[in-house]
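A.B. asks: Chains as they are written, first to last, in our numbering: chain A, 21 to 310; chain B, 64 to 316.
From the three backbone atoms N, C-alpha and C, an ideal C-beta is built for every residue, glycine too.
All values reported here derive from a predicted model rather than from experimental measurement.
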């Protein structure tokens, strides 16, 4: 019984880790205040669910989920190219509302608030990941691959140009480098991994509806990257584990589930406040945003 | 007599820039000859930095033309102008604060860093030439020990020097420096003057804005005096120095 619960938590950690490190790429490393991440997650989940329900194999569904989300990332980069800071945050937040509204109202495709039930378990090379333990292994493998890909990106010279763009975009342009391309790539790759995470979520829960993709769901992910420290991958891992596990003891105290939800949000808010007061750069953050 | 043989690198032809009713740059024309240091001087609000912004593409020109080696660069994008050969130093520090000095100086020399796959597969190596170029530059300004420091931890003077080196390492045919010695200690000013003269001897063409008259007259071959958005005098340092009208009216001496 307890081990099933533990496996469930570890799967959540894996999915949140992919979401958080990819958000780290656009926010922490490139300085794009991207609140559209939950929308990319949503796009990935819906693409994956619809394709899986149409009978397509797992690897196609997850890959298309990533690529579909990436297309949206590139598209979002075009109108937001000249926006910075708070304005970019507002525009990307607006994008999240639009995607949510589409998921809710395009009932022919998404069934709206009824959601998409009965998503089959993923299968690869003839093996079906039907047990939660096998799904955990799958999630951890995909999370590790995502981690190493993003780690490789940020430690290459391309990663340095991302960081330079974050520190001073005009100075990068005056050196003759196209920052629109740089920012689009960052947003696109970030969206790709959010789409992958969305696909894993859809396969794991086997049911998706728009309520999983509201802006409220973005709060824990943003909290993770701030608490872990902007532009720190190590900090992100630790913060993901802490933030997924922290509200869990509430279940054992015997609160009704209608109270657990709001308390969970309060815990995130409180933790975020404490971190911002006592350790403004997060656990391992080195950078300061101007 | 040598001057006559030198060709023009930059030609500014009757450029205008108005902000509402304010004529920041009003029918301004001048030429920059190669292998010389030219100083752009004038009182605050004369339009010097606006001219710099128009040349480097930060602002759009209302009227007129800017030619670089005969190529029309008027209203091209900042990136294109940089790639055509203009490298600019800003008045305020624009270092990448969270990167090290070394990383700051590698960026201008790396033409491949925006190519995602090439970097992802590790095909964009940092060559020994680039490293030794950085070392050589830092040694010249006697700042070798700051190479691995974060840019944000440098003193103001060090920041300016590193930024100047970054501007020089950016491939160019023409350097534009907006107040390179503002806020820098007298000793460092000496180092910087030496640095600029060395660059000139290597064949660099430099245009600088300067408020420190001793510095400007000391390093420049040509002085352009601007006021109210237009050029009011041009000539060698001696010529300008002896022009009492300019000195009285605009330089406050």
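What does residue 179 (chain B) touch in chain A if you count any residue whose Cβ is under 7 Å from its own?
C.D. replies: Ordered by position in chain A, the residues that pass the 7 Å Cβ test against residue 179 (chain B) are 178, 205.
A.B. asks: Measure how close the beta-carbons of residue 119 (chain B) and residue 151 (chain B) come, nearest whole angstrom, since I'm counting them as under 8 Å.
C.D. replies: 5 Å
A.B. asks: Taking Cβ-Cβ distances shorter than 8 Å, what residues in chain B pair up with residue 198 (chain A)?
C.D. replies: 142, 177
A.B. asks: Ignore the nearest five residues each way along the sequence and tell me which others in residue 248 (chain A)'s own chain have a CB closer than 7 Å to its CB.
C.D. replies: 255, 256, 258, 259, 302, 303, 304
A.B. asks: Give a yes or no on whether the C-beta atoms belonging to residue 137 (chain A) and residue 227 (chain A) are separated by under 8 Å.
C.D. replies: yes
A.B. asks: Taking the continuous alpha helix (DSSP H) assigned at residue 286 (chain A), which residues delimit it?
C.D. replies: It spans 277-298 - the alpha helix (DSSP H) in which residue 286 (chain A) sits, taken as one unbroken run.
A.B. asks: Quick one: is residue 81 (chain B) buried, meaning 16 or more other Cβ sit within 10 Å of its Cβ, or exposed?
C.D. replies: exposed
A.B. asks: Are the C-beta atoms of residue 166 (chain B) and some chain A residue less than 8 Å apart?
C.D. replies: yes
A.B. asks: Taking the alpha carbon of residue 105 (chain B) as the reference point, which residue from B:163, B:157, B:201, B:276 has its own alpha carbon closest?
C.D. replies: Comparing Cα-Cα distances from residue 105 (chain B) to each of B:163, B:157, B:201, B:276, the minimum goes to B:276.
A.B. asks: For residue 283 (chain B) and residue 303 (chain B), what's the separation of their Cα atoms in angstroms?
C.D. replies: 12 Å
A.B. asks: When DSSP labels each residue in this structure, what does residue 223 (chain B) get in the three-state scheme?
C.D. replies: Residue state, collapsed to three classes: helix.
A.B. asks: Would you identify the three-state DSSP class for residue 87 (chain A), choosing helix, strand or coil?
C.D. replies: helix
A.B. asks: According to the Cβ coordinates, are residue 52 (chain A) and residue 203 (chain A) closer than 8 Å?
C.D. replies: yes
A.B. asks: Could you tell me which of A:274, A:78, A:270, A:65 sits nearest to residue 147 (chain A), measuring between CA atoms?
C.D. replies: A:78
A.B. asks: Here's the rule: buried if 16 or more other CB atoms are within 10 angstroms of the residue's CB, otherwise exposed. What is residue 199 (chain A)?
C.D. replies: With at least 16 other beta carbons inside 10 angstroms of its own, residue 199 (chain A) counts as buried.
A.B. asks: Where does residue 81 (chain B) sit, in a helix, a strand or coil, going by DSSP?
C.D. replies: strand
A.B. asks: Distance cutoff 8 Å, beta carbons only. Does residue 187 (chain A) sit that close to anything in chain B?
C.D. replies: Yes, because at least one Cβ of chain B sits closer than 8 Å to the Cβ of residue 187 (chain A).
A.B. asks: Are the C-beta of residue 171 (chain B) and some C-beta of chain A separated by less than 8 Å?
C.D. replies: With 8 Å as the cut-off, residue 171 (chain B) counts as an interface residue toward chain A.
A.B. asks: Taking C-beta pairs closer than 8 Å, name the residues in chain B that residue 163 (chain A) reaches, listed in chain order.
C.D. replies: The contacting residues do not exist; residue 163 (chain A) stays about 19 Å from chain B at best.
A.B. asks: Is there a Cβ of chain B sitting closer than 8 Å to that of residue 45 (chain A), yes or no?
C.D. replies: no
A.B. asks: Please classify residue 153 (chain B) as buried or exposed, where buried requires at least 16 neighbouring CB atoms within 10 angstroms.
C.D. replies: buried
A.B. asks: Note the first and the last residue of the continuous beta strand (DSSP E) segment covering residue 102 (chain B).
C.D. replies: 100-104
A.B. asks: Between the C-alpha atoms of residue 245 (chain B) and residue 274 (chain B), what's the straight-line distance to the nearest angstrom?
C.D. replies: 8 Å
A.B. asks: Beta-carbon of residue 20 (chain B) versus every beta-carbon of chain A: anything under 8 Å?
C.D. replies: Residue 20 (chain B) falls outside the range modelled here, since chain B spans only 64 to 316, and no answer is possible.
A.B. asks: With DSSP run on the structure shown, which of helix, strand or coil describes residue 296 (chain B)?
C.D. replies: strand
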